[in-house]
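Here is the structure we will look at, set down as structure tokens.
In this note's numbering, the protein residues as written are 5 to 286.
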């Protein structure tokens, strides 16, 4: 029988740890604080912000918000980032992306102080992931995949891991993180030949293609752990992952659901990063 790896269980464990450490820091006069910078009123940004605010309150992390109109200039955005960089009470910065098309995303990422880049989007943070030198923070969703594997005791040492996707948000960083966990990693992408055969050989399969239905029964076998990172909307208007869930259940050993899997852990990872940033500055 396939075991469903529910993200809420992982998040609950992380939240308890964060709550205890935040309380300990506050006793020393340090109050971990996240600054959210939002440009416009995108529905998905508002939804994530609401969830982050609720989670932050539950663990004792303070939250500041800087909200700019959708037509804000690039200078306006850069000034908001500078203000958060210069604010000693702020330990972490989260800016919602994608940004409006008239704003240079690269310039925005470069403006964030690496020590406050709790979302892992700056070059310094990614360099830390790729070199393992401890600089910055890993992208939250990539870290969430690792947290799920750890929480459920899924062995990575010596295992073959296959990652579908090569973005800097998920595919490449999670591949490097799996290497650090002593897995043997293969990255698949749109130009990969015989992808289904390669994926069937995986002990751990991480699907981060960003396309519903990418992983079908032909990609799967008994004994696998499948981490589905995809967030898509199917023809019925329902959220679904990159994996055909019904094909996987009954075949693989373990799988994360969508919704209720990786996404449930991401916000907790973000707040853990805020806490870690505060601890580094104490």
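Each residue gets a CB set at the ideal place from its N, CA and C atoms; glycine is no exception.
Quick check: residue i and residue j, are their CB atoms within less than 8 angstroms of each other?
{"i": "residue 262", "j": "residue 231", "result": "no"}
{"i": "residue 175", "j": "residue 167", "result": "yes"}
{"i": "residue 143", "j": "residue 127", "result": "no"}
{"i": "residue 242", "j": "residue 208", "result": "no"}
{"i": "residue 89", "j": "residue 51", "result": "no"}
{"i": "residue 63", "j": "residue 34", "result": "no"}
{"i": "residue 151", "j": "residue 14", "result": "yes"}
{"i": "residue 192", "j": "residue 181", "result": "no"}
{"i": "residue 10", "j": "residue 267", "result": "no"}
{"i": "residue 197", "j": "residue 223", "result": "no"}
{"i": "residue 119", "j": "residue 284", "result": "yes"}
{"i": "residue 129", "j": "residue 138", "result": "no"}
Grab me the residues of residue i's own chain with a C-beta within less than 6 angstroms of its C-beta, minus the 5 sequence neighbours each way, in chain order.
{"i": "residue 71", "result": "42"}
{"i": "residue 169", "result": "175, 212, 213"}
{"i": "residue 185", "result": "160"}
{"i": "residue 251", "result": "220, 221"}
Quick one: is residue i buried, meaning 16 or more other Cβ sit within 10 Å of its Cβ, or exposed?
{"i": "residue 36", "result": "buried"}
{"i": "residue 27", "result": "exposed"}
{"i": "residue 277", "result": "buried"}
{"i": "residue 256", "result": "buried"}
{"i": "residue 73", "result": "exposed"}
{"i": "residue 47", "result": "exposed"}
{"i": "residue 194", "result": "exposed"}
{"i": "residue 135", "result": "exposed"}
{"i": "residue 179", "result": "buried"}
Which same chain residues, not among the five before or five after residue i, have their C-beta less than 8 angstroms away from its C-beta?
{"i": "residue 103", "result": "43, 81, 109, 112"}
{"i": "residue 38", "result": "56, 60, 65, 66, 67, 68, 94, 95, 96, 97, 98, 122, 274, 275, 278"}
Please return the same chain residues whose Cβ sits closer than 7 angstroms to the Cβ of residue i, not counting the five positions on each side in sequence.
{"i": "residue 77", "result": "none"}
{"i": "residue 7", "result": "257, 258"}
{"i": "residue 271", "result": "55, 56, 59"}
{"i": "residue 12", "result": "264, 268"}
Inter-stretch contact at 8 angstroms, needing at least 3 Cβ pairs: the segment 240-254 / the segment 212-229 = yes
Entirely enclosed alpha helix (DSSP H) segments - the segment 18-83, minimum 4 residues | Complete alpha helix (DSSP H) runs here, min 4: 47-63.
Pick out the complete beta strand (DSSP E) segments inside the segment 137-183, 3 residues or longer, and give them in chain order.
-> If only uninterrupted beta strand (DSSP E) runs of at least 3 residues are considered, those enclosed by the segment 137-183 are 164-168.
Go through the segment 216-252 residue by residue and report every complete run of the alpha helix (DSSP H) that reaches 4 residues or more, in order.
-> 249-252
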